Amino acid sequence: MKKTLLASAVLGCLMVTSAHAATVVGFKIGGDYWRADTSGTFSDKGQPQQGFDYSSSAQGSYWFAVEHPLPFVPNLKIRENSLDQKGSLANADFSFNGHDFKGNVTSYTDLSNTDFVLYYELLDNDILSFDLGAAYKLMNGSLRVQDPGHPEEKDVDGGIVMGYASTHVSMPGLGLFGFADLMLGVNESNVHDYAIGLGWQFDGAAVDTRVRVGYREFAFDVNNFSGISADTKFDGYFAGVEIDF
């Protein structure tokens, strides 16, 4: 009986916290410019993975979120991530998608994806906020290899169930805050996407504006995903802005 009462009290506290996290419906829109390095390997499933030489390039993300005071109903965030890079390999000798590649080849690694996030605001005050939930990362990219006379391409178009957590720590009166976001794969446990950084908030009469800078890493380590194996990473520094209204 005591355990039942304790569990009910904890659940009640979480419900009250979540219900009071937002008193009206709010919207957030934002975008990041990401200067990312690309590294890693890929291949057909069961084949030796091939490494390519990549250079840094501009990547980007933009998102939209809806937050509300309804209990039990999660908030929603949708984020689009553009991740593509060109690579090269000299003296190649491997097979991809049924074709043998030899000599100098070029690769096009596109791991663009869309995040669908459902989350609860467990804490939301002037100093600390903490969100917890689940996400579905829908891949919508491709892997392409070509030599001077022949290209081969495979779509990377499956989905990954992920856990989601986000925290935001503010310094009242200064507008300065720190943040950390984490998405960790469930059905693909070696896939993760996280960001940490600092920002400044400017309060307005109708909207609040946040300027953000930080470091982000997306690791895509899979053994059989859309018929391919890969161990590829995008990581680097980013800058962006978010508007809350």
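In mature numbering (1 follows the signal peptide of the UniProt record, and there is no 0), the protein residues as written are -21 to -1, 1 to 224.
The beta-carbon is built from N, C-alpha and C at its ideal position, and this holds for glycine as well.
Note that the coordinates shown come from a computational prediction; the quantities given were computed from them, not determined experimentally.
Alpha-carbon spacing of residue i relative to residue j, whole angstroms
{"i": "Gly157", "j": "Phe109", "result": "12 Å"}
{"i": "Ala(-13)", "j": "Pro50", "result": "Because Ala(-13) sits at a pLDDT of 42, beneath the cut-off of 50, its placement in the model cannot be relied upon, and the following sentence gives the value as read from the coordinates. Their backbone Cα atoms lie some 16 Å apart in a straight line."}
{"i": "Asn166", "j": "Trp13", "result": "27 Å"}
{"i": "Val190", "j": "Gly66", "result": "32 Å"}
{"i": "Asn70", "j": "Asp32", "result": "13 Å"}
{"i": "Arg123", "j": "Tyr87", "result": "5 Å"}
{"i": "Met141", "j": "Asp187", "result": "29 Å"}
{"i": "His47", "j": "Asp103", "result": "12 Å"}
{"i": "Trp179", "j": "Gly193", "result": "12 Å"}
{"i": "Gly120", "j": "Ser205", "result": "11 Å"}
As assigned by DSSP and simplified to three states, the class of residue i
{"i": "His47", "result": "coil"}
{"i": "Lys56", "result": "strand"}
{"i": "Lys(-20)", "result": "No answer about Lys(-20) holds up, because its pLDDT of 39 lies below 50 and its placement is not dependable."}
{"i": "Ser36", "result": "strand"}
{"i": "Tyr99", "result": "strand"}
{"i": "Asp126", "result": "strand"}
Whole-angstrom C-beta distance between residue j and residue i, which should lie under 8 Å
{"i": "Ser61", "j": "Gly39", "result": "5 Å"}
{"i": "Ser91", "j": "Asp63", "result": "6 Å"}
{"i": "Asp94", "j": "Lys116", "result": "5 Å"}
{"i": "Ser208", "j": "Gln28", "result": "6 Å"}
{"i": "Phe217", "j": "Asp11", "result": "5 Å"}
{"i": "Trp42", "j": "Gly9", "result": "6 Å"}
{"i": "Asp160", "j": "Ser149", "result": "The pair is not a contact, with the Cβ atoms about 16 Å apart (cut-off 8 Å)."}
{"i": "Val96", "j": "Ile139", "result": "The pair is not a contact, with the Cβ atoms about 12 Å apart (cut-off 8 Å)."}
Boundaries (first-last residue) of the beta strand (DSSP E) holding residue i
{"i": "Ile8", "result": "Gly5 to Asp23"}
{"i": "Ser74", "result": "Asp63 to Phe75"}
{"i": "residue 234", "result": "A question about residue 234 goes unanswered here, because the residues of the chain that appear run from -21 up to 224."}
{"i": "Gly82", "result": "His78 to Asp89"}
{"i": "Asp136", "result": "Run containing Asp136: none; DSSP gives neither H nor E here."}
Report task. Could I get the ranges of all uninterrupted beta strand (DSSP E) runs contained in the region 142 to 211, with 3 residues as the minimum, in chain order? Result -> 155 to 164, 170 to 182 and 187 to 204
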